[in-house]
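Chains A and B supply the protein sequences, listed in that same order.
Using our numbering, the first residue of the first sequence is number 1, and each one after it goes up by one.
Using our numbering, the first residue of the second sequence is number 1001, and each one after it goes up by one.
Glycine included, every Cβ here is placed at the ideal spot set by N, Cα and C.
To keep things clear, I will list the structure first and then write my remarks on it.
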Amino acid sequence: MFFFDHQYLENIALIDRHGSFLSYSDLTLKIKNFSSAFDRRHLVFIVGENDVSSIVCYLSCLESNMVPLLLSPKINLDQLKNLIEVYKPRYIFQKLEDLYENYSLALRDKAYSLLVNNNNLQVQLNSKLALLLTTSGSTGSPKLVRLTKKNLISNARSISNYLKISPDNRVITSLPFNYSYGLSVINSHLISGSSIVLSNASMIEGEFWKKINEHSVTGLSGVPYNYEMILKLGINRLKIPSINTMTQAGGRLDFEKMKTIYDGLKSKKIDFYSMYGQTEATARISYLAPNDIIRKRGSIGKAIPNGRLWIEDKNGKIIDQSNTTGELMYSGENVSMGYANSLDDLNLGDINKGSLRTGDLAHFDNEGYFYIKGSINRFIKVFGNRISLDSVEEIISSMGFECAVTGEENMLLIFVEDHPSLSTDSLRTEISSLIGINQKAIEISSISLLPRLINGKIDYKALSEGK
Amino acid sequence: MTNREKYNKAFIDCFSVSEEVLNEEFVYQCIPAWDSVGHMGMIAALEDTFDIMMEMDDIVDFASYTVGIEKLKNYNIEIE
């Protein structure tokens, strides 16, 4: 069975939301049963969460060479319909009762339905393609990352190795299942024969903390925003004696906050790892071990086992001097094959060939630790989601407004030119729903005319200075 | 402003809702704005409004408009 090691078959694999245990052999049986629903290699949309049904469907796809695309149940319905239109999956696994045109019910699994397309859809899938993920903070574009089984196994093994995940470990899900970081937590624990407590509760719900104690959870993961919540809740008031490892990734955590967390967790004998990664590299690229958090302030650390990081200048020449900024490059078996923007792209082979341009600007110090200085592309992180400012501009332009979008951490700043049909409140609600971030993180200002450079492009510098 | 008015204002400002919806059915995740991010914003607004620091248990159990009124009693804030 994919990911499973025979010696761990009697270990507990999953603990569901009712507290019932499923061993690896129970899970194997469920996967075998579920797999019989698939007739031939095709696409499967899984609109799922951290629950047994979604994980069984995901693992069944890997086992039967189906190609799943993982999606959030919070996805906007129009965006989901658009993805169905573009990729024409033979199967859709979801909780919603919505039946799309030409799909009918194939089987039910608890609250979920597996829908199958009645037409004989043809698709050419590259033989290595095993999984599709949206680029983090997807802005509804059909852009997907194409991953292979080798990518998944390699990244899960590396993570298991540097976090020293053993069969005695027990992690709780604290991130969405369709998010590469959340999925990497699941994969790395399955491959290690550990157990996973399935929860969709957020850290601000009492239930989340109760489950940790009830099931003696040992590991916990979070994006910077989760750690800000933990700081808000009060790190010294957390009563989580079973926890021994906590990880942070998905964006930059302010160093002062990181230090407070590190110190607070150290006094509880909890190892704290700071990590860096991208969906384009399955999930993890580098990590900073607990002992280096203070010593290597703000560093993303070193490459994960079996990976390599280096810096290139604008001309693609390798920079071997320390403390010289250039584009951060990564190579490893976890580097995806590339992107897909259309159905035809699913037949593409390995375009990245094991090397990834991260789009981040970085340097390394004289001990080989890497530090990110900025980004080449216009992206911001909002509560762990990577948002492309250009994509947000495209969305607003398609509504017929002239706009410019800038931003800082956890805040999207949108400037729209005055228009008779412009309501900043309803625009904010709409954007919030389309890109799936809380409206608190969106600020919209209407201005009479956007500042422009001589060449007609938006003058972002003037915009941010005008703020 | 009465405490009730202050309490309601925090919800109205944080979640962009009208006063009519503020009743026992106004619960965590009943609208997209009241997710975990919105929750922390609302807690911060209440702490500013009433000049209090809430305990972890009260923050994580603050599951609805009505439950919140009970939680604030722990800080000697009575919402009449």
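Query                                                                                                                               : Result
Every unbroken beta strand (DSSP E) inside the stretch 278 to 341 of chain A [3 residues or more]                                   : 284 to 288, 307 to 312, 326 to 332 and 338 to 340
Cβ pair Gly338 of chain A, Leu348 of chain A closer than 9 Å                                                                        : yes
Under 9 Å by beta carbon: chain A residues contacting Asp1048 of chain B                                                            : Simply none; closest approach about 13 Å.
His18 of chain A Cβ short of 8 Å to the ligand SAH heavy atom set                                                                   : This structure does not include the ligand SAH; it has no bound ligands of any sort.
Sub-9 Å separation of Ile196 of chain A and Thr173 of chain A beta-carbons                                                          : yes
Assumed close pair Glu1024 of chain B, Asn1008 of chain B - CB separation to whole angstroms, cut-off 8 Å                           : That belief does not hold up - the Cβ atoms of Glu1024 of chain B and Asn1008 of chain B are roughly 14 Å apart, past 8 Å.
Spatial neighbours of Ile1079 of chain B in its chain, beta-carbon cut-off 7 Å, leaving aside the 5 residues before and after       : Asn1003, Arg1004, Tyr1007, Ile1069 and Leu1072
Contacts of Ile1052 of chain B in chain A (Cβ-Cβ under 7 Å)                                                                         : Chain A residues near Ile1052 of chain B: none, gap ~14 Å exceeds 7 Å.
Residue-chain proximity (Tyr1065 of chain B, chain A), Cβ-Cβ < 9 Å                                                                  : no
Chain B residues whose Cβ lies nearer than 8 Å to that of Leu233 of chain A                                                         : Met1056, Ile1059 and Val1060
DSSP bridge partner residues for Leu69 of chain A (one or two, in chain order)                                                      : A:Phe45 and A:Leu132
DSSP state of Lys164 of chain A mapped onto helix, strand, coil                                                                     : coil
Residues of its chain near Asp1058 of chain B, where Cβ-Cβ distance is below 7 Å and the 5 sequence neighbours each way are ignored : Lys1071 and Asn1074
Inside the stretch 385 to 451 of chain A only - alpha helix (DSSP H) runs reaching at least 4 residues                              : 389 to 398 and 424 to 435
Short-range partners of chain A found in the stretch 1033 to 1047 of chain B, where Cβ spacing is below 7 Å                         : Ala1033, Asp1035, Ser1036, Val1037, Gly1038, His1039, Met1040 and Gly1041
Within chain A, the residues that Ser1016 of chain B reaches when beta carbons sit closer than 9 Å                                  : Asp425, Arg428, Thr429 and Gln439
Amino acids of chain B, ordered along the chain, whose beta-carbon sits closer than 8 Å to that of Met229 of chain A                : Ser1036 and Met1040
Any C-beta of chain A under 9 Å from that of Tyr1028 of chain B                                                                     : yes
Beta-carbon neighbours of Ser432 of chain A, restricted to chain B and to distances below 9 Å                                       : Pro1032 and Ala1033
Residues that Lys381 of chain A bridges to, as DSSP identifies them                                                                 : A:Arg386
Short CB-CB distance (under 9 Å) between Trp209 of chain A and chain C                                                              : Looking for chain C here will not work: the only protein chains present are A and B.
Cβ-Cβ separation, Ala1063 of chain B to Cys1014 of chain B (assumed contact under 8 Å), whole Å                                     : Actually they are not in contact, since the Cβ atoms of Cys1014 of chain B and Ala1063 of chain B sit about 16 Å apart, beyond 8 Å.
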